[in-house]
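Numbering (this note's numbering), first residue to last: 22 to 250.
Backbone N, C-alpha and C define an ideal beta-carbon position, used for all residues, glycine too.
Computed from a predicted model, the values in this text were never measured in an experiment.
Since the structure comes first, as structure tokens, the remarks are kept for the end.
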């Protein structure tokens with residue numbers, strides 16, 4: 022099956038992570054980017070970022086290089102054979118955004134291309150009454166990051182199957198991929214011996230948990246992150 026690595030979502034958006042330090046000044050950010058935008062957009066974005074955040078000029082080439090490197094990696098997988106079976110994967114959220122900590126776990130159908138991380142994040146924030154505008158994109162980002170990792174695993178599996186005749190035969194008979202150990206096969210999950218109704222002991226694992234942090238808690242977490250970084 023020929024499929025771009027971004028086939029698990031509707032829009033051709035790809036997450037980007039930046040963590041750059043220049044002359045004792047640190048810039049961290051996470052956002053989505055359309056990999057089909059012209060490369061000139063990267064330079065324009067970097068210039069605006071440096072200007073708006075009043076960063077030192079040394080950040081400009083670093084930001085450009087980091088984004089372009091991630092785009093090159095993503096594009097190298099585009100058009101590759103991808104192993105895709107009827108399966109769903111567990112998505113886990115464990116995020117701290119400003120004063121809000123949100124933890125959740127849910128199942129995501131890789132073959133449902135109508136699934137939209139942004140729409141899911143918007144609905145989740147609405148249901149939980151979250152008003153902080155930074156939480157919604159953080160949730161969508163976390164989902165896309167995990168979907169991307171699974172997509173790369175699927176591409177890698179397809180490459181391995183091409184090399185091995187045995188692997189090719191296994192793929193033709195829809196044998197679950199060993200590389201996608203975290204993925205759940207739909208046939209196994211919903212076989213005659215199982216139920217779509219979760220067991221009571223699993224209920225607590227599949228419900229969102231929302232915590233509100235005090236200013237002291239936030240400062241303590243930031244200090245801990247700086248020490249570990």
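Let me check understanding here. Comparing Cα to Cα, which of the options lies closest to residue i?
i	options	result
residue 50	60, 67, 115 and 228	67
residue 128	167, 54 and 53	167
residue 88	63, 112, 75 and 73	63
residue 238	47, 113, 125 and 121	121
residue 227	114, 170 and 152	114
residue 243	153, 119 and 130	119
residue 91	48, 56, 69 and 112	56
residue 48	65, 74, 58 and 54	74
residue 42	69, 58, 76 and 52	76
residue 143	159, 86, 178 and 132	159
residue 171	132, 52 and 145	132
residue 145	44, 52 and 230	230
residue 86	111, 44 and 38	38
Residue i by DSSP, collapsed to three states: which one?
i	result
residue 59	coil
residue 242	helix
residue 81	helix
residue 76	coil
residue 128	strand
residue 264	Since the first residue shown for the chain is 22 and the last is 250, residue 264 is missing from the structure and cannot be characterised.
Just the Cα atoms here: how many angstroms apart are residue i and residue j?
i	j	result
residue 236	residue 60	40 Å
residue 84	residue 93	14 Å
residue 247	residue 72	25 Å
residue 40	residue 136	29 Å
residue 150	residue 78	40 Å
residue 125	residue 240	24 Å
residue 117	residue 46	22 Å
residue 162	residue 182	30 Å
residue 202	residue 81	Caution is warranted here: a pLDDT of 43 is assigned to residue 202, below 50, making its placement in the model unreliable, and no coordinate value can be reported.
residue 173	residue 109	15 Å
residue 96	residue 134	20 Å
residue 175	residue 140	25 Å
residue 233	residue 179	43 Å
residue 130	residue 147	22 Å
residue 156	residue 123	9 Å
Which residues mark the beginning and the end of the alpha helix (DSSP H) in which residue i is found?
i	result
residue 52	Unbroken run through residue 52 is the beta strand (DSSP E), 46-54; no alpha helix (DSSP H).
residue 148	138-149
Where does the unbroken beta strand (DSSP E) through residue i begin, and where does it stop?
i	result
residue 111	108-118
Can you name the residues that DSSP bridges to residue i?
i	result
residue 152	DSSP lists no partner for residue 152.
residue 40	49
residue 123	116 and 231
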